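Enquirer: Next up is a structure, given as structure tokens.
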Amino acid sequence: MQKPFILSNGLQIPSIGFGTWLIPQERACLRVSQALKIGYRHMDSAQDYGNEAGVGEAIRESGLPRESIFVTTKIKASIKSYGEAKSSLEESFSKLGLNYIDLVLIHAPQPWEELRGPKKYYEENRAVWACMEEFYKDGRIKSIGVSNFLEDDLEHLMSHCSIKPMVNQICLNIGDTDSELVEYCQKQGILVEAYCPIAHGKALSDPFVITMAKKYNVSPAVLCLAYALELGTLPLPKSENPEHMKENLDFSLSISPEDMESLKRWRHQDQ
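294 is the number that the numbering used here gives to position 175 of the sequence shown; each next residue is one higher, with no gaps.
If you want it as structure tokens, here you go:
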């Protein structure tokens, strides 16, 4: 088991999370229950995933102490006001059925259909953040952060907030690594979480990744997760296959600095 990361407020967060994106509500309880039995103690959900109720049910029925499980959810990318954020968080608490949530993120700096568009939503994100700060100060949320934020999004938010983001969850994998953004976040004391660490499965058939994995006598998936950890980022693999779930959690691998540089420079053939 990997050592936990420590957030800027001192909260420990398990170093590998179980991603629930694309796991529908009708299977969420089963898959999260399986993940908990395998040993996962970090569950990553979101309002947009539509599976918070199943995730919460599995956690409540697991028999595990609540404090032993780290739970993340995310405010919908389309929500850009204080009032909507507050209502959505109350709804998340109701669906999850939990007294507190370990981490809440703003899912994206813009609504999905406008992501990376000209309108930045700086003021709107500050309004959502103000709501999150209140829940944090009340103790109902233990840590707060963002997702898919670039450096300018972070700078404008941090220039107007009283509590800095503790996490930035971004797409990061072999073949798609924004090293400058990762370094910026780390200098700011912001933990980077890596979603899609296996590149939507694309890395599993990439000849370069396969060759490198064979060198270390591991699967391509394990190489991808070790790569994220070597960068000081927290991977969030997602699988509905119990054997893959176990493999994604139970491994030990250190990649040489030379090979890390090669992996950071690699681009998939279709890019």
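We put the beta carbon where it would ideally sit given N, CA and C, even for glycine.
Remember, predicted model here, so these are calculated numbers, not experimental data.
1. Return the CA-CA distance between S338 and E312, expressed in angstroms with no decimal places.
2. Do you know offhand how far T192's Cα is from E359's?
3. Look up H161 in the DSSP assignment and say whether it is helix, strand or coil.
4. Can you tell me which of the three DSSP states E209 falls into?
5. With a cut-off of 8 Å, do at least 3 Cβ pairs link the segment 298–317 to the segment 253–261?
6. Go ahead and pull the three-state DSSP assignment for Q390.
7. Leaving out five residues on either side along the sequence, give the residues of the same chain with a beta carbon under 7 Å from the beta carbon of T352.
8. Under 8 Å, with one C-beta from each stretch per pair, do the segment 213–232 and the segment 265–274 reach the 3-pair mark?
9. What is the residue span of the alpha helix (DSSP H) that Q305 lies within?
10. Near Y303, which residues of its chain fall below 6 Å by C-beta distance, leaving aside the five closest residues on each side in sequence?
11. Among the residues of its own chain, which have a CB less than 7 Å from the CB of Y241, if the five just before and after it don't count?
12. Return the CA-CA distance between Q390 and I309, expressed in angstroms with no decimal places.
13. Looking at L215: is its Cβ nearer than 8 Å to the Cβ of I194?
14. Could you say which of Q229, G175, Y168 lies nearest to A196 if we only look at CA atoms?
15. Relative to the alpha-carbon of I132, which residue among K365, C280, Y159, P237 has its alpha-carbon at the smallest distance?
16. As a quick exercise: from F212, L217, Q153, Y201, pick the residue whose alpha carbon is nearest that of P184.
17. Examine the Cβ distances between the segment 145–163 and the segment 361–375 and report whether three or more of them are shorter than 8 Å.
18. Would you check if the segment 368–387 and the segment 166–185 touch, i.e. whether three or more CB-CB distances between them fall below 8 Å?
19. Where does N367 land, buried or exposed, given buried means 16+ other C-beta within 10 angstroms?
20. Taking buried to mean at least 16 other C-beta atoms within 10 Å of its own C-beta, is S187 buried or exposed?
21. Quick one: is S371 buried, meaning 16 or more other Cβ sit within 10 Å of its Cβ, or exposed?
22. Helix, strand or coil for F189? Go by DSSP, reduced to three states.
23. Taking only the alpha-carbon atoms, compute the straight-line gap between E252 and R235 and give it to the nearest angstrom.
Expert: Reading from the atomic positions:
1. Along the sequence shown, one-based indexing puts residue 338 at 219. Along the sequence shown, one-based indexing puts residue 312 at 193. Each residue's alpha carbon lies about 21 Å from the other.
2. Here residue 192 refers to the residue found at position 73 of the sequence shown. Here residue 359 refers to the residue found at position 240 of the sequence shown. If you take the alpha carbons of T192 and E359, they lie about 19 Å apart.
3. The residue you call residue 161 lines up with position 42 of the sequence shown. H161: strand per DSSP, three-state reduction.
4. Against the sequence shown, residue 209 aligns to sequence position 90. DSSP places E209 in helix when its eight states are reduced to three.
5. no
6. As a position in the sequence shown, residue 390 is number 271, starting the count at 1. Here the model assigns Q390 a pLDDT of 45, short of 50, so the residue's position is not dependable and the matter cannot be decided.
7. Translated into positions along the sequence shown, residue 352 becomes position 233. Once the five neighbours on either side are set aside, the close Cβ partners of T352 are L291, V301, V311, E312, A313.
8. yes
9. Taking the sequence shown and counting its residues from 1, the one referred to as residue 305 is at position 186. It spans 298–306 - the alpha helix (DSSP H) in which Q305 sits, taken as one unbroken run.
10. The count along the sequence shown starts at 1 and reaches residue 303 at position 184. Once the five neighbours on either side are set aside, the close Cβ partners of Y303 are E270.
11. Taking the first residue of the sequence shown as 1, we reach residue 241 at position 122. H275, listed in sequence order.
12. As a first step, residue 390 is located in the sequence shown; it is residue number 271 there, counting from the start. As a first step, residue 309 is located in the sequence shown; it is residue number 190 there, counting from the start. Confidence in Q390 is poor, its pLDDT being 45 and thus under 50, which makes the residue's placement unreliable; the coordinate value appears in the next sentence. Going from the Cα of Q390 to the Cα of I309 covers about 29 Å.
13. Indexing the sequence shown from 1 puts residue 215 at position 96. Indexing the sequence shown from 1 puts residue 194 at position 75. It is not a contact, given that the beta carbons lie outside the stated cut-off.
14. Here residue 196 is taken as the residue at index 77 of the sequence shown, counted from 1. If we check each option's Cα against that of A196, Q229 comes out closest.
15. Numbered from 1 along the sequence shown, position 13 holds the residue referred to as residue 132. That would be Y159, whose Cα lies nearest to the Cα of I132.
16. Here residue 184 corresponds to residue number 65 of the sequence shown, with the count starting at 1. Closest option to P184, Cα to Cα, is L217.
17. yes
18. no
19. One-based indexing of the sequence shown puts residue 367 at position 248. Classification for N367: buried.
20. For the purposes of this step, residue 187 is taken as residue 68 along the sequence shown, with counting starting at 1. Exposed: under 16 other Cβ atoms inside 10 Å.
21. Along the sequence shown, one-based indexing puts residue 371 at 252. Exposed: under 16 other Cβ atoms inside 10 Å.
22. The sequence position of residue 189 within the sequence shown is 70, counting from 1. Reduced to three states, the DSSP call for F189 is strand.
23. On the sequence shown, position 133 is the one that residue 252 refers to. On the sequence shown, position 116 is the one that residue 235 refers to. One C-alpha to the other measures close to 25 Å.
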